[in-house]
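In our numbering, the protein residues as written are 2 to 314.
Yeah, the Cβ is synthetic: ideal placement off N, Cα and C, and Gly gets one too.
See below for the structure under consideration.
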Ligand code: UDP
Ligand code: MG
């Protein structure tokens, strides 16, 4: 696929006014040093600070800057998707706005891609400045996901990466509402590789990924790429039924043959509570999948655009 622009950089923005100026300077320098034609696509994901005004000002002063302002906060993955929908580059980079992903690494991703890859992602060696709980949950999540999915989704990797326009094209053909981009990109295939880097601390501002958003993201990743929880529910159901059948035989034996039935209140309570718990968990798992199914069936647009600056406007 030939393209007029060599590189598109997609930057999702949620309350990043403190980081935008430096980010813009560093990205511009990287792109200019690479000597390629480029566009910077800022996607404002319902920021409550001055991020939107800042990106408009940047776009006024620099024709390489484009922006999309979403009507509210749709979440990181959807903000990136809005950027992907507009990217015109032959190669497309996704980068966080908080300078945790060093913009200069895009040059290394670029060189690596020249060796003949369609996707080069950046894998984090270190993640300083993040809470132990975030590090632990992320570590457990990536490994759990890797062990229950059939697609090999790289561990310890965010969305910081460089992709060929070909990959972006196929990504845009995937209509699901619950985006788990790194999984979808793995699923697409072609030649993918990675380079390692030390993640930086957030330059300014605070994280926009609350634990609630992280849990939703993790559930989206698992349900989009694995039926394991459903299988686990079935397996648990069978196992518990098996055990229940044995207990039933034992109870009948006690009642009819050995006449040793005791006032089994405790065992009764335990089994009722246990079975009740298992049933609720199982229904919950099924509910997670059905909820996502129904949202996809509704076919709503993924996001709403309030305002945008296209390349030639
Ligand atoms: N972000 C977004 N929408 C959100 C949350 C975050 O567009 O609802 C952006 C944010 O501005 C940043 C990137 O997504 O560019 C990563 O978010 P953040 O740094 O808050 O996440 P963390 O690094 O803490 O996981
Ligand atoms: Mg961050």
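Determine the direct distance from the alpha carbon of residue j to that of residue i, and round the result to whole angstroms.
i	j	result
residue 90	residue 173	14 angstroms
residue 175	residue 235	29 angstroms
residue 186	residue 177	13 angstroms
residue 54	residue 131	29 angstroms
residue 73	residue 246	53 angstroms
residue 223	residue 158	16 angstroms
residue 239	residue 67	55 angstroms
residue 188	residue 182	10 angstroms
residue 170	residue 6	15 angstroms
residue 231	residue 274	21 angstroms
residue 202	residue 39	27 angstroms
residue 102	residue 200	6 angstroms
residue 117	residue 196	14 angstroms
residue 250	residue 256	10 angstroms
Which word fits residue i, buried or exposed, when buried means at least 16 other C-beta atoms lie within 10 angstroms of its C-beta?
i	result
residue 120	buried
residue 111	buried
residue 17	buried
residue 64	exposed
residue 147	exposed
residue 126	exposed
residue 2	Here the model assigns residue 2 a pLDDT of 46, short of 50, so the residue's position is not dependable, and the following value carries that caveat. Burial call: exposed.
residue 296	exposed
Tell me, to the nearest whole angstrom, how far the beta carbon of residue i is from that of residue j; I am working on the premise that it is less than 8 angstroms.
i	j	result
residue 28	residue 10	6 angstroms
residue 152	residue 184	6 angstroms
residue 81	residue 13	5 angstroms
residue 59	residue 25	6 angstroms
residue 31	residue 108	6 angstroms
Practice prompt. Can you check the region 192–273 for any alpha helix (DSSP H) of at least 4 residues that lies completely inside it and give the ranges in chain order?
Written response: 212–226 and 229–253
Worksheet item: Which full runs of the alpha helix (DSSP H) of 4+ residues lie inside the region 62–93, going along the chain?
Response: 77–87
Worksheet item: Could you name the residues, in chain order, whose CB is less than 6 angstroms away from a heavy atom belonging to the ligand MG?
Response: Per the Cβ criterion, the list is 97, 99, 101, 203 and 208.
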